[in-house]
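Numbering (our numbering), first residue to last: 6 to 275.
All C-beta atoms, glycine included, are put in the ideal place defined by N, C-alpha and C.
Below is one structure, written out as structure tokens; comments come after it.
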Amino acid sequence: MHWKNLYRGFMMGICDIIPGVSGGTMALILGIYEQFIRAVSGFFSREWKRHLGFLLPLGAGMIAAIVALSNIINLLLEAFEQETFFLFTGLLIGILPLLIREGRFRQSFTIRHAFLIIGMAVFAYLVGAQAAADESSAAMQLGASNSWYFFISGWLASMAMLLPGVSGAFVLLLLGVYTTATDALSITNPDFAVIALVGSGVIVGFILSSKGIRWMFHRYPTYTYASIIGLILGAAVVIFPGFGSGSTAASLLCLAGGVSAAYYMSLKQP
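Structure representation (structure tokens):
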């Protein structure tokens, strides 16, 4: 049993409830991204028992973070929005050296990779900007006629959660179910219908998306890493809050802390 995955899953779970930062990004920082994708893909095969020791503590940590901290993260963002998003921006920027190293860009980088980075950055920016613009819209409530929509939303969000730089929370915001989904995780008043629908969609999305991502890493590793770099650059632009709503000094310290933490943790991985 990989007991270290309890804290790794907890860190990933924190990211998955924050619009703008993905659990996949944290998996990259922690050095377990490709192993995570391989385990999720392999779990839905005949060799599923081999991956239980990796996935069970990881999943337990993620669920614990999502249930325990979903409301706390929202409060933190309300009280220290600028400083918190500076920290998240730093985490995204600090992982770029790892991606450049893992993608072997010094040996394989071409103009096609550059265009791919630009294209994916624009895509991530447009999706994120639209989600941010829709954040203040009224939350969709679950009913008999739209239950399928919550399932599809969980499916699409899980596909985003597996990709570094693409936030599943942003996808839920874009689809109008983020507030309803996070409110459903209330410890005192959980909404099990919403949890079941969104959660089952997440599971289905994991099954299908993990296999596609694993195939991409195997067949086109440099293109895949170039795509991830573009997604992260676009996400960093979206979540960068600018100055004016908080302490400039504290925000810069959070930015530096995020860059340093991500750089240190990612480059220390084997």
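Between the C-alpha atoms of Ala186 and Arg111, what's the straight-line distance to the nearest angstrom?
43 angstroms
Quick test of your reading: Ser152 and Gly206, contact by CB under 8 angstroms. State the CB separation rounded to the nearest angstrom.
The beta carbons of Ser152 and Gly206 sit about 11 angstroms from each other, so the pair does not count as a contact at 8 angstroms.
Thinking C-beta only, is Gly99 closer than 8 angstroms to Val12?
Note that residue 12 is Tyr in the sequence shown here, rather than Val. No, these two residues do not count as a Cβ contact at 8 angstroms.
For the putative contact between Ile122 and Gly29, defined by C-beta atoms under 8 angstroms, what is the C-beta separation to the nearest angstrom?
Actually they do not touch by this definition, with Cβ atoms about 17 angstroms apart.
Taking only heavy atoms of the ligand PLP into account, decide whether any of them is closer than 7 angstroms to the Cβ of Met16.
The ligand content of the structure shown is nil, which means the ligand PLP is not present either.
What does a CB cutoff of less than 7 angstroms around Ala261 pick up in its chain, not counting 5 residues either side in sequence?
Closer than 7 angstroms at the Cβ level, and outside the excluded window around Ala261, lie Gly95.
Taking only three categories from DSSP, how would you classify Thr227?
helix
Just to confirm before moving on: does the CB-CB distance between Ala165 and Gly239 stay below 8 angstroms?
no
Would you list, in sequence order, the uninterrupted alpha helix (DSSP H) runs of no fewer than 4 residues that lie entirely inside the stretch 46-104?
57-84 and 86-99
How would you call Glu107, buried or exposed, if buried means at least 16 neighbouring beta carbons within 10 angstroms?
buried
Please report whether the beta-carbon of Gln40 lies at a distance below 8 angstroms from any beta-carbon of chain D.
Given the protein chain composition of this structure (a single chain), no chain D is represented.
For Thr229 and Glu39, what's the separation of their Cα atoms in angstroms?
12 angstroms
Express the C-alpha separation of Leu178 and Ile200 in angstroms, rounding to a whole number.
When rounded, the distance between both Cα atoms is 16 angstroms.
How many Å lie between Thr184 and Phe93 at the Cα?
The straight-line gap separating the alpha-carbon atoms of Thr184 and Phe93 is approximately 20 angstroms.
From Ile233 to Leu168, what does the alpha carbon distance come to, in whole angstroms?
In a straight line, the C-alpha of Ile233 is about 7 angstroms away from that of Leu168.
Count the other CB atoms, across all protein chains shown, that sit within 10 Å of the CB of Gly148; report buried if there are 16 or more and exposed otherwise.
exposed
Would you identify the three-state DSSP class for Ala189, choosing helix, strand or coil?
coil
Within 10 angstroms of its Cβ, does Gly247 collect 16 or more other Cβ (buried), or is it exposed?
Under a 10 Å Cβ-count criterion, Gly247 is classified as exposed, with fewer than 16 other Cβ atoms of the shown protein chains found around its own Cβ.
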